[in-house]
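K.L.:
Before I ask anything, here is the structure I am working with.
Number of protein chains: 2
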Amino acid sequence: MHATVDGETLTRSSEDYLKAIYRLSPEGRPASTSDIAHLLELSPPSVSGMVKRLSELGLLEHVPYKGVQLTGAGRRVALRMVRRHRLIEAYLVQFLGYSWDTVHVEAERLEHAVSDTLVERMSAALGHPSVDPHGDPIPDADGSIRELASRALADISVGQTVEIRRVDDSDPERLRYLAALGLMPGVVVTLRDRQPFGGPVTVETAGVPHVIGAELAQVVLCAPEEAR
Amino acid sequence: MHATVDGETLTRSSEDYLKAIYRLSPEGRPASTSDIAHLLELSPPSVSGMVKRLSELGLLEHVPYKGVQLTGAGRRVALRMVRRHRLIEAYLVQFLGYSWDTVHVEAERLEHAVSDTLVERMSAALGHPSVDPHGDPIPDADGSIRELASRALADISVGQTVEIRRVDDSDPERLRYLAALGLMPGVVVTLRDRQPFGGPVTVETAGVPHVIGAELAQVVLCAPEEAR
DNA sequence: CCCAAGTATTAGGCAGACCTAATACTGGAA
DNA sequence: TTCCAGTATTAGGTCTGCCTAATACTTGGG
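Chains as they are written, first to last, in my numbering: chain A, 1 to 228; chain B, 229 to 456.
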């Protein structure tokens, strides 16, 4: 079922808005109407309208012409959706042969349809994982989430050996490319070279060197091998 | 994704209507507005309205004041939904610990959200089953469905031994009761006694006799052990 | 053969969720 | 400080999908 507020069922759309606003306000800073519109591929007036409805439901606070912030209740719903999304992704990859570049689209629809029971059973079948296939942390059922500290591959010193922890999942094409190179969470890489002025970096994994552009190196997040 | 007609996506509601009409017209006999309304728990005018839209899409034929029949396209959509529903049920029971009385509700929402790809992967994971946990046949991906011949437990002769093939899944309470008695598809039972005038029947399974009412015996369908 | 009961449809409304066009605000540059 | 560019909101419209109330069929019994 959908999330509820005072026993009222939220629509798929509402859930998507709350998730989008959560994504756009990492530190609780207000999100702008047009950013939301852009992310959800809707017109700004549509967003204004929905924002009004959602703030009447107490899910967010809206200061006209200023921006939108989630309330506690709104953030709970958003985190619930994030949890669902990431667990579904993990489940589909683990048990149904999905690749990490195709799983996002499927999860995007399923997250609105699964029950809490199903989500928890998938979590149990996976052994209650803490991250999804892209390394994104999965919030607890109670809504707590732990972002793990990491640095972009682009910022690692030459010679250092690190473990890939997380990869931006917004572009399937990019994910496919990274998978082909074997650059995915859990893989240990050593930085062999970095060209100046935003030039390419050379990383070595399993003895094989790969040269990747600076832009790509920016979305591959790493941490020292030991920390977990 | 949802079923499409000429590239147009059908809504969840449309899919539910088509499935309901399929259920209500076993031999292609027209279904009445009020039967549809009753099954979907909607008002008759709502049904009239939707019927109009769906017949404009070429999914069904409507003779006002007479009834509604699926077209070929409409039946294809309906069978696709039935396939999804039953495969989802089978998957959830097999892999995620669902019981056959709780699985229906979950499948009812998921059937609108899963992609064809996911359905086929679930089918493959199950070894392409031909029936769901209640013994209902699963249509092929191409839309062909084979109803297996069976007789109600209420109509078996005393002394005969048969295999349970299928159980009506519309009442979770009843399913739970039958499961408690061990009366489920695949189980072999021998009819020991039947009281006249719609009285109870006594069946024996694994050496244990159970007395069940005539109404219940009517929805438990059986076939000779060998046929499959 | 006509009428009442039952069933179906039309009329008219409402909420959600979207759109485009028009208007209102805000903040920075001249 | 005024104006303009950009951003946000309001106005007004559409479509889906539901509702209730009113009207129109159909049909079996008298």
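In this text, a Cβ means the ideal position worked out from N, Cα and C, and glycines have one as well.
Using a Cβ-Cβ cut-off of 6 Å (strictly less than) and excluding sequence neighbours within five positions of His210(A), which residues of its own chain qualify?
P.N.:
Leu181 and Val203, listed in sequence order.
K.L.:
Counting contacts by CB-CB distance shorter than 9 Å, is His362(B) in contact with chain A?
P.N.:
For His362(B), the answer is no, since every Cβ of chain A falls outside 9 Å of its Cβ.
K.L.:
May I have a chain-ordered list of the beta strand (DSSP E) segments no shorter than 3 residues that lie completely inside the region 17-86 of chain A?
P.N.:
Counting only runs of 3 or more, we get 60-63 and 67-70.
K.L.:
Could you name the residues of the same chain whose beta carbon sits closer than 7 Å to that of Trp328(B), not counting the 5 residues immediately before and after it, in chain order?
P.N.:
Within the same chain, Trp328(B) has close Cβ partners Val321, Pro361, His362, Leu403 and Ala407.
K.L.:
Taking a Cβ distance cut-off of 7 Å, strictly less, list which residues of the region 46-58 of chain A are near chain B, in chain order.
P.N.:
Within the region 46-58 of chain A, no residue has a Cβ that lies closer than 7 Å to any Cβ of chain B.
K.L.:
When Cβ atoms are compared, which residues of the region 327-339 of chain B fall closer than 7 Å to chain A?
P.N.:
Residues Glu334, Arg337 and Leu338.
K.L.:
Assuming the contact rule is C-beta atoms closer than 8 Å, Val386(B) and Leu354(B) should be a hit. Round their C-beta distance to whole Å, please.
P.N.:
Incorrect: roughly 37 Å between the Cβ atoms, too far for contact.
K.L.:
Please report how far the alpha carbon of Arg109(A) lies from the alpha carbon of His38(A), in whole angstroms.
P.N.:
Each residue's alpha carbon lies about 19 Å from the other.
K.L.:
Can you tell me which of Ser13(A), Gln218(A) and Leu96(A) puts its alpha carbon nearest to the alpha carbon of Leu42(A)?
P.N.:
Considering only alpha carbons, the answer is Ser13(A).
K.L.:
Secondary structure at Ala408(B), three-state DSSP: helix, strand or coil?
P.N.:
Reduced to three states, the DSSP call for Ala408(B) is helix.
K.L.:
How would you write the range of the alpha helix (DSSP H) that Thr117(A) sits in, first residue to last?
P.N.:
Its alpha helix (DSSP H) spans residues Asp116 to Ala125.
K.L.:
Please name the residue or residues paired with Glu225(A) in a DSSP beta bridge.
P.N.:
Glu225(A) pairs with nothing; no bridge assigned.
K.L.:
Using the DSSP secondary-structure output, state which residues sit across from Glu204(A) in a beta bridge.
P.N.:
According to DSSP, which records beta bridges pairwise, Glu204(A) is partnered with Thr190(A) and Pro209(A).
K.L.:
Grouping DSSP H, G and I as helix and E and B as strand, with all else coil, what is Ile373(B)?
P.N.:
Coil.
K.L.:
What would DSSP say about Pro133(A), mapped onto helix, strand or coil?
P.N.:
Pro133(A): coil per DSSP, three-state reduction.
K.L.:
If you draw a straight line from the C-alpha of Met1(A) to the C-alpha of Val331(B), how long is it?
P.N.:
Reliability fails at Met1(A), whose pLDDT of 43 lies under 50, so the model's placement of it is uncertain and no value is given.
K.L.:
Under three-state DSSP, which class holds Val158(A)?
P.N.:
Val158(A): coil per DSSP, three-state reduction.
K.L.:
If we count the other Cβ atoms within 10 Å of its Cβ and call it buried at 16 or more, is Lys66(A) buried or exposed?
P.N.:
Its Cβ having fewer than 16 others within 10 Å, Lys66(A) is exposed.
K.L.:
What residues in the region 403-432 of chain B bring their beta carbon closer than 7 Å to a beta carbon of chain A?
P.N.:
Answer set for the region 403-432 of chain B: empty.
K.L.:
Once you ignore the five residues that flank Tyr98(A) on each side, which residues in its own chain have a CB closer than 6 Å to its CB?
P.N.:
Only Leu92 meet the Cβ criterion.
K.L.:
Just reading off the alpha helix (DSSP H) that Leu338(B) is part of, what are its end residues?
P.N.:
From DSSP, the alpha helix (DSSP H) with Leu338(B) extends over Val331 to Leu338.
K.L.:
From what residue to what residue does the alpha helix (DSSP H) around Ala341(B) run?
P.N.:
From DSSP, Ala341(B) is part of no alpha helix (DSSP H); its letter is neither H nor E.
K.L.:
Here's the rule: buried if 16 or more other CB atoms are within 10 angstroms of the residue's CB, otherwise exposed. What is Asp399(B)?
P.N.:
Exposed: under 16 other Cβ atoms inside 10 Å.
K.L.:
So, are the CB atoms of Ala341(B) and His112(A) less than 9 Å apart?
P.N.:
Cβ distance < 9 Å, so Ala341(B) and His112(A) count as in contact.
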